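Asker: Just so you know, the sequences run in chain order A and B. Numbering follows the numbering used here, with no gaps: position 628 of the first sequence is 628. Numbering follows the numbering used here, with no gaps: position 223 of the second sequence is 223.
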Amino acid sequence: MKAMIWKELRECGTWAVLAGAVWCIFNYFGYHTMFSTEDVIRDPLRIWEGKIILNVVLGAVAGGMLGVIQILPELRRDQWAFLLHRPASATTLFAGKAIAGILMLIAIISISEAFGYYLLRFHLKLEIVSFWYLAVAVSIGILAGAVFYFSAVIAALRPAKVFGSRLLSLITALAIVVVLFLQPSFWQVLLCTVLCLIGLVLAAQSCFEAKGEYRRMKTVGRVALGSTLLAGGSIFGMGVIAFLSALVPRGFVATYFDSHNLEPYSGSYYRSDYYNLYDQFMDSQYYSYSVAYDLGRNVSMQMLKNTREVRAETRTAVVTKPAYRQYGRYIKRKEEDDIFSYYDTVGKRIVFYSMENRRIIGYSGPNGYYDVNHIPADGSAQFSGELLSDAGGNYLCFTDAVFQVDSSGRQIKRLIDGEADQPFQNVVPVNVGKIQRFWVVKSNAIEQYDAEGKRLLSVPLGPEERDGQYIGAVSVDADKHFLWFGRITKTWPGVHHLDSKCAEVTGTGKVLSRFEIDFGEQEGDIVVPFNMMFAGVVWPMLRNDTHLLSQQNWVVIDQLYGVFYRASDIVVSINTLIAAICLSVMSAWLFARRARLKLSLCCLWMGLTLLFGAVALIGLLALYPWPGHLACGQCKKLRDIENEECPHCHVPWPRPQRDGTEIISRDFQSHALASGGQE
Amino acid sequence: MSDYVIETHGLTRYYGGKCVVDTLDLKVPRGSIFGFLGRNGAGKSTTIRMLLGLVEPTRGSATILGHDCQNLPPVARERIGYLAEGHHVYGWMTVGECGRFQSSFYKHWNQSIFDGVVDHFNLDRKAKAGDLSRGQRAGLCLAMTMAPEPELLILDDPALGLDPVARRSLLQSMIYVTRRSDRTILFSSHLLAEVERVADYVAVLDYGVLRASCPLEMFRERVRQFSLRFDGVTPQLPGIPGLLQAFRAAGEISLTIANYDARSEELLRSLQPVAFEEVPLSLEDAFISYLGERGEKSFFLDQAPEKPEALETVAVVDEEKLP
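#1: Going by CA-CA distance only, name the one from LYS2/A, GLY30/A, SER112/A and MET355/A that's closest to VAL17/A.
#2: Alpha carbon to alpha carbon, what distance is there between GLU8/A and LYS211/A?
#3: Taking buried to mean at least 16 other C-beta atoms within 10 Å of its own C-beta, is PHE94/A buried or exposed?
#4: For chain A, is any of its Cβ atoms less than 7 Å away from the one on SER213/B?
#5: For the pair the stretch 155-171 of chain B and the stretch 132-144 of chain B, tell me if three or more CB-CB distances fall below 8 Å.
#6: What residues in the stretch 155-172 of chain B bring their beta carbon closer than 8 Å to a beta carbon of chain A?
#7: Tell me whether GLU85/B is buried or exposed, calling it buried when 16 or more other Cβ atoms sit within 10 Å of its Cβ.
#8: To test your reading of the DSSP string, which unbroken beta strand (DSSP E) runs of 3 or more residues are found completely within the stretch 235-269 of chain B?
#9: What does ALA286/B touch in chain A if you count any residue whose Cβ is under 8 Å from its own?
#10: Look up THR345/A in the DSSP assignment and say whether it is helix, strand or coil.
#11: Taking Cβ positions, are MET1/A and GLY96/A nearer each other than 7 Å?
#12: Looking at chain A, is there any beta carbon in it that lies within less than 7 Å of the beta carbon of LEU52/B?
#13: Label GLU645/A either buried or exposed according to how many other C-beta atoms from any shown protein chain fall within 10 Å of its C-beta, with 16 as the threshold for buried.
#14: Name the chain B residues whose beta carbon is nearer than 8 Å to that of LEU84/A?
#15: How about SER89/A: is its C-beta nearer than 7 Å to some C-beta of chain C?
#16: With a CB to CB cut of under 6 Å and the five nearest residues on each side skipped, what residues in its chain are close to ALA451/A?
#17: Whole angstroms are fine: how far does the CA of ARG220/B sit from the CA of ASP285/B?
#18: Measure the C-alpha to C-alpha separation of PHE150/A and VAL511/A and round it to an integer number of angstroms.
#19: Please check if any C-beta of chain A sits within less than 7 Å of the C-beta of GLU194/B.
#20: Pull up the distance between the alpha-carbon of GLY633/A and that of LEU37/B, whole angstroms please.
#21: Find the nearest neighbour of VAL28/B within the set GLU266/B, ARG100/B and ILE154/B, judged by alpha-carbon distance.
#22: Determine the direct distance from the alpha carbon of LYS637/A to that of SER254/B, and round the result to whole angstroms.
#23: May I ask which residues mark the beginning and end of the alpha helix (DSSP H) holding ILE80/B?
#24: Counting C-beta neighbours from all protein chains within 10 Å, is the total for PRO87/A 16 or more, i.e. buried, or is it exposed?
#25: Any Cβ of chain A within less than 7 Å of the Cβ of ARG77/B?
#26: Mind listing, in chain order, the continuous beta strand (DSSP E) runs of no fewer than 3 residues lying wholly within the stretch 342-413 of chain A?
#27: Mind checking whether ARG30/B and VAL55/B have CB atoms under 7 Å apart?
#28: Hey, does HIS88/B have any beta-carbon neighbour from chain A nearer than 7 Å?
#29: Reducing DSSP to helix, strand and coil, say where GLU97/B ends up.
#30: ALA199/B by DSSP, collapsed to three states: which one?
#31: Beta carbons nearer than 9 Å to chain B: which residues of the stretch 622-647 of chain A have them?
#32: Can you give the Cα-Cα distance for LEU617/A and TRP484/A, rounded to whole angstroms?
#33: Please list, in chain order, the chain B residues whose beta carbon lies closer than 7 Å to that of ASP78/A.
#34: What span of residues does the beta strand (DSSP E) with HIS120/B cover, start to end?
#35: Rounded to whole angstroms, how far is the Cβ of LEU26/B from the Cβ of LEU140/B, which I believe are closer than 8 Å?
#36: Return yes when the Cβ of LEU583/A is within less than 7 Å of the Cβ of GLY509/A, no when it is not.
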């Protein structure tokens, strides 16, 4: 394998160096034009998101390029034979190529990133540069590059017959990278990438072993490649449908529960959920519809238009940590001030940064402000918990304590102390009639504190309430509160139900009543089978039931799903539904007949396709070969060229006709020849 | 241990609906030099690729050194040397690097063989492989193929595109490696003089069908040509078994027959020729006759027999009318 790695590095290293150099030049001009002047002064922290986007693009381009240039020149018939016919398994040879490719990818991104670091730190003199974020930027670029690398290998190896279908794996890669980029946590990105890469590597390795010939692959490889291509096809189809949907004069519903983005509000006891309806023929505006509930009377009030005005909601207690691509969430700066402060999630302290000389001038920790030259070495200048929320910069709510921050950010006051065994899951500051309150969510209770850190009430949580993904609190007044616990459960594949429970509590924490609010199903009955069919089509990372990996990406995904099954036009839904059913079942029939399956097996696969959609089709293609067919000389019916015997008349393939000129030595004759050959 | 290093059983390969190798039953004896002959597109390279597991057969099976050709383990590949017809090398490597790269994959690598062949072809070890002439590149490939001392050497048209000097060098190198009695060489070629010089056995593939597989001498013996002279008009030919070609000229018929035997001779003599003599054939002549157009041909339009589908007019030359 070492020799293979050496050969690949020597062969393609020049391209890698060239790509690295080009990207360095791009970095140079990019940093000067995009980051060096106004953007940096306005918001220097934004540079990190920009850098990560740049690295994702670089990684994708570099990975795709490497995958293609490592494979395409080898595909010539003799060269391929020269590559493969050596005492090493195809897997070893593929591993050698892949390791070399990834090494080159790492080199390209590292070279450009090191150059970028040099530019930022010494040329633009931004002391804000952090090695952790540098590592994140490099890593995310490498991950995106690896996804594109293996997709490009598949695209290069696969002998696609349909024009453009080679690009399917690259479409899959594009979708994977976009979804990965949107993940809030770097570790989620890492986990998702590894999961996706397992499939892509298996598919690429199988393609390499079989030179892209699907029928020569092992079952695992067929499934991996089939899934990859199907995902690409589905995403392409989604894009087409989304584009066509945009042309149709009807709206599509993008449903999300956006309440945690609303400003804190109290004084009413409504709960509302928002449905955004987009209709481009109506002033090109977004319209908001809402279902509002009177929690006190437990009834649905009315459908309100543009109910953002109602503001009938407190913040729900969803933990919204800053995404990995954001440098920090707490940013405080006055326009006229040349010093701004932000919370550094790695260093766990507030950083004070001078825009004038582009230097860090000090830090704030739990015990107050420290000059940059006088930081205690014992770690006491760092906050110990994870930052949960910042309440507009006035409060820093950690998992173990809540601090009040003065207007300059240098005076820190500890308000609420947590217990070691009961960390805060979230802290939500709300205003109750202009008076600041804190709702603190723990694993076993919800508590309310006043602005002085005094606990006002504590409501123990029941077992089901503890599982709530969303917890809301509505304060009617100081003596009456409603707590809401929401949990999305799955009733059918792709069909979700909002399990919603409420508790009415007094000012002392006594629970007066418990009741449920029925929010209904997310989808109508008509689209359920349609949804089921596509449930298997959609790449697992796009499913909104992946909230085990990411609790927050479902909002994005619901919008994608909405294109399909939340179409308001029932006629369109029915037509699409019928067309999709017919297409799937017909495909299953054709595939099964092509594979020469018995009628009963054909029917079985049609039924499975009806139930499980494209997953069943992949299974069918993966399990059965796809042979060519020729007319039988005896019965004239089509027969599989791979089988020795005709399935209809049971006649073997005829041996080549003999005309008496054959010269076959007796030693070389087979039994079949012995009867008719000459000796 | 089997007497055969390669055995195929009904090996068949389709490309789309076209059958390029049809039910091939081939045996290559151990220790032989086996010439694999056929016209362009006959299916020789496809067969070799199937034997090496680079192409999957549509039907049938093959074993090579006792291993199923579709699942050749690395240890089996180490025992098989393969020289593809394009003489492919990585052009950016030097001759020395090519040797080192190749040697890293083999447990048994005889550097002296590599050096010997490289010297035989006068190759500079620091020269880039991409800068070598075609003959030199063939020499480098041969050196890389032979240095692991494979038990079985498969050469796919190794002399293709080489000048006579390079061809001779290649041939000498091949003879050099066959000094070991248990080494087998399977090579395909169009250069029949070279085949005649070194091969013990030949197999002839025609449009994917195996037409001959026998010792070289046997092939020579079985393909024979006769010249029959007649007074006046040449008679119509009876159905002669194994007839490959018949050239009809003024008062003369030249016949090339495969598997000539007593019955064939009886049929020919029944035509009552005034002269009946055998024409000696080189392997090349025999091969061309064997794989050329079948049937009768005539040099005279006015005496063409009434067999239009088997008739081909080659030239319009009437010797009797010449001044």
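No residue lacks a Cβ here, since even glycine has one placed at the ideal position from N, Cα and C. Just so it is clear, the structure is predicted and the values come from calculations on it, not from any experiment.
Answerer: Based on what the coordinates show:
#1: SER112/A
#2: In a straight line, the C-alpha of LYS211/A is about 18 Å away from that of GLU8/A.
#3: Around the beta carbon of PHE94/A, 16 or more other beta carbons sit within 10 angstroms, so the residue counts as buried.
#4: yes
#5: yes
#6: none
#7: buried
#8: Taking only runs of at least 3 residues, the beta strand (DSSP E) segments lying wholly in the stretch 235-269 of chain B are 243-249 and 252-258.
#9: Going along chain A, no residue has its Cβ under 8 Å from ALA286/B, so there is no contact; the nearest lies around 10 Å.
#10: If DSSP states are grouped into helix, strand and coil, THR345/A belongs with coil.
#11: yes
#12: yes
#13: Exposed, since its Cβ has fewer than 16 Cβ neighbours within 10 Å.
#14: LEU54
#15: The displayed structure is made up of protein chains A and B, and chain C is not among them.
#16: GLN436, listed in sequence order.
#17: 10 Å
#18: 57 Å
#19: Against chain A, the CB of GLU194/B has no partner CB under 7 Å away; the residue lies outside that interface.
#20: 30 Å
#21: ILE154/B
#22: 45 Å
#23: Per DSSP, ILE80/B belongs to no alpha helix (DSSP H); it is in the beta strand (DSSP E), 80-83.
#24: buried
#25: yes
#26: 349-354, 359-365, 368-371, 387-389, 395-398 and 401-405, all fully within the stretch 342-413 of chain A.
#27: no
#28: With 7 Å as the cut-off, HIS88/B counts as an interface residue toward chain A.
#29: helix
#30: coil
#31: Answer in chain order: PRO627, GLY628, HIS629, LEU630, ILE641, GLU642, ASN643 and GLU644.
#32: 43 Å
#33: ALA84, GLU85, GLY86 and HIS88
#34: First-last for HIS120/B: 111-120, but that is the alpha helix (DSSP H), not the beta strand (DSSP E).
#35: Incorrect: roughly 30 Å between the Cβ atoms, too far for contact.
#36: no
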